[in-house]
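Here the protein sequences come in this chain order: Z and G. Oh and the first sequence: position 157 is 157 in my numbering, straight run, nothing missing. My numbering runs 1000 ahead of the 1-based position in the second sequence. For every residue, glycine included, the Cβ atom is placed at its ideal position computed from N, Cα and C. First the structure, in the form of structure tokens, and then the observations on it.
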Amino acid sequence: MLQLDAEALYAELRDGVRHLLKPDCALVGIWSGGAWLAERLQRDLGLPGGDKGYGVISSTLHRDDFSERGLVTGKNGGADPTRLPFAIDGRHIVLIDDVLYTGRTIRAVVNELFDFGRPASVTLAVLVDRGGRELPVAAAFCAAKLVLPAAQKLSLGRRDDGGFHFSVTASAGT
Amino acid sequence: MLSRRNPQLNGHGELIHLLSIEGLPKAVLMQILDTAGTFLSVNDRDVKKVPLLRGKSVFNLFFENSTRTRTTFEIAAKRLSADVINLDIAKSSTAKGESLLDTIANLSAMHADMFIVRHAESGAPYLIAQHVAPHVHVVNAGDGRHAHPTQGLLDVYTIRHYKKDFTQLTVAIVGDIVHSRVARSDIHALTTLGVPEIRAVGPKTLVPGDLAGMGVRVCHDMAEGIRGADVIIMLRLQNERMSGAMLPSAGEFYKSYGLTAEKLALAKPDCIVMHPGPINRGVEIDSSVADGSHSVILPQVTFGIAVRMAVMSTIAGNAA
């Protein structure tokens, strides 16, 4: 059974993201795991805009599997919200996600991001790169690289105390 | 053999057509309302368009007049990146005697993916839904006196926007209920979402007694009907659907049931006033109320776009 220490990887991610920061940049976490990471990074790195100064972005409205899967709804029943509390135009965006896999989610959220304006640059930092890319996407920083069979799904969870943990489950489709 | 399954749902209980709110589970309604909330925020973006229906063709088939509903369906489909084809029915083959199903068959041969149908005959959208190919979806945009489900959904969306919770509300629906498909859809939606008190208010000729069977309290007295209400839904007096002497006169109706500031004072201080439009000022509603601080008639129109986007994207994503 695969054991990943999500908290130790988070500490590496935090240090990695620190080196990606530049003036006029903002963190945008990909819903849902990446949003949790961005929330904590925003606080731990003391970024401008306070605790709510990070963005959350959802791939729902730009997914490429809509015709097969329909609207992918969140736990509240509706599509997950994108929330960007700052202007995108001219800003350096650091996308945060828990697991980088096929790259299709990244393609979708980059499209979503551009619906709000024209960023100066977009970079990507993730906890785990599990390989299996289907699109030309690469992370500027990843805390760990590993290879998992396609039949397994790796996902980040958040405990009530805010701590992170990974779980590996049988994959339902993609 | 006829299937007993609700024709709007597939084998997984997912919505594939929207024909009526009657018989739809609460979870389906809530999912549409939550999804509509997401689409409302699309209005705030630089690019007010999402690609969910890119490459799909939506046919607006309005056999009855409509401005607001047809336009908001068109805007909603375009915001979802669909191609929209508006048929001018008065000039089409239907006027030359083509049957409804032949019209549908021909439009299907033009690769229609979705039909938005308004028809004077109750049940016409059901007939179409039974005859289209499995990948084609049908939305009822109003059929006869039967149903107007997207109006019902946008009405409950509006109520949820302002009141948050359905389970403590008193909702009064006032006016010409017998001719109103909006009232019927509203009553089904409000009942499913758990509104404890729904009142149907109007004269005996326009508020049938059998409504009590739908779990509605029938009130023929306006003051009794709107006293303490959280929400008042005014309906248009549908002169075009009335035959014979159902009413003494429009003036008489206004005196008894027209919503004036004086009558509105009987409702809760934070009561919202709704109307599906088009409004007849001085017939069912006074201008000072229609334009006043309690009125949410124009926000209803805006919410209607987001709700119709939610309906179209939900059914388009579910296979038969």
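- Following the DSSP letters along the chain, one finds Z:Ser167 inside the beta strand (DSSP E) bounded by residues 164-170.
- Around Z:Pro81, the beta-carbon contacts reaching into chain G at under 9 Å are Gly1037, Thr1038, Ser1041.
- For G:Met1214, no alpha helix (DSSP H) run applies, since DSSP gives it neither H nor E.
- When C-beta atoms of the region 1199-1211 of chain G are compared with those of the region 1036-1044 of chain G, fewer than three pairs fall below 8 Å, so the two segments do not count as touching.
- Judged by their CB atoms, G:Ser1057 and G:Ala1141 are not nearer to each other than the 9 Å cut-off.
- Taking a beta-carbon distance threshold of 9 Å, Z:Gly163 does not count as an interface residue toward chain G.
- Closest by C-alpha distance to Z:Val28, out of Z:Tyr54, Z:Arg43, Z:Arg18, is Z:Tyr54.
- Proximity of the region 96-111 of chain Z to the region 128-142 of chain Z meets the contact definition, three or more beta-carbon pairs being nearer than 8 Å.
- Between G:Arg1005 and G:His1179, the alpha-carbon positions lie close to 28 Å from each other.
- Under the Cβ distance rule, Z:Arg104 does not count among the residues neighbouring chain G, no pair being separated by less than 9 Å.
- By the criterion of a C-beta distance shorter than 7 Å, G:Ala1129 is surrounded in its chain by Pro1007, His1017, Leu1019, Val1138, once the five residues flanking it on both sides are discounted.
- Contact annotation, G:Glu1284 with G:Leu1259: C-beta distance approximately 7 Å; criterion of less than 8 Å satisfied.
- Taking C-beta separations shorter than 8 Å and ignoring five residues to either side along the sequence, the partners of Z:Val137 in its chain run Leu100, Gly103, Ile106, Arg107, Leu124, following chain order.
- Residues of chain G with a Cβ closer than 7 Å to the Cβ of Z:Leu61 are, in chain order, Val1050, Leu1052.
- In the three-state DSSP reduction, G:His1188 falls in the helix class (H, G or I).
- Between G:Ala1189 and G:Ile1226, the beta carbon gap of about 20 Å keeps them out of contact (Cβ cut-off 8 Å).
- Chain-ordered, the chain G residues with CB closer than 7 Å to the CB of Z:Gly117 read Asp1046.
- Between the region 1289-1298 of chain G and the region 1142-1153 of chain G there are fewer than three C-beta pairs closer than 8 Å, too few to call the two in contact.
- Ser1313, Thr1314, Gly1317, Asn1318: these are the residues of the region 1308-1320 of chain G whose beta carbon lies less than 7 Å from some beta carbon of chain Z, given in chain order.
- With respect to the 9 Å criterion, Z:Gly162 and Z:Asp97 are not classified as neighbours on the basis of their beta carbons.
- Burial check for G:Asn1106: the Cβ neighbour count within 10 Å stays below 16, so the residue is exposed.
- Where G:Met1312 is concerned, the enclosing alpha helix (DSSP H) starts and stops at 1297-1316.
- The beta carbon of G:Ala1036 lies closer than 6 Å to those of Tyr1157, Ala1306, Val1307, Ala1310 in the same chain, with the five residues before and after it left out.
- Residue-level contact by beta carbon holds for Z:Arg69 and chain G, with a gap shorter than 9 Å.
- Ranked by Cα distance from G:Ala1223, the options G:Arg1199, G:Lys1163, G:Met1214 are led by G:Arg1199.
- For G:Met1274, the enclosing beta strand (DSSP E) has its first and last residue at 1272-1274.
- Interface flag for Z:Phe66 against chain G is set, since a Cβ pair is found closer than 9 Å.
- Contacts with chain Z at 9 Å (Cβ-Cβ) include G:Glu1014.
- Short of 7 Å from the beta carbon of G:Val1289, and not among the five residues preceding or following it, lie these beta carbons of its own chain, in chain order: Leu1259, Thr1260, Ala1261, Leu1264, Val1273, Ser1295.
- Burial state of G:Glu1252 is exposed, judged by a 10 Å Cβ sphere holding fewer than 16 other Cβ atoms.
- From the listed residues G:Lys1164, G:Leu1087, G:Gly1292, the smallest Cα separation to G:Asp1230 is found for G:Lys1164.
- For the 9 Å CB-CB criterion, Z:Leu127 and Z:Cys142 form a contact.
- For Z:Asp97, no alpha helix (DSSP H) run applies; the uninterrupted beta strand (DSSP E) run containing it begins and ends at 92-100, by DSSP.
- 9 Å or more divides the Cβ of Z:Ala139 from the Cβ of Z:Lys153.
- In the structure shown, Z:Ala140 adopts coil according to DSSP, grouped into three states.
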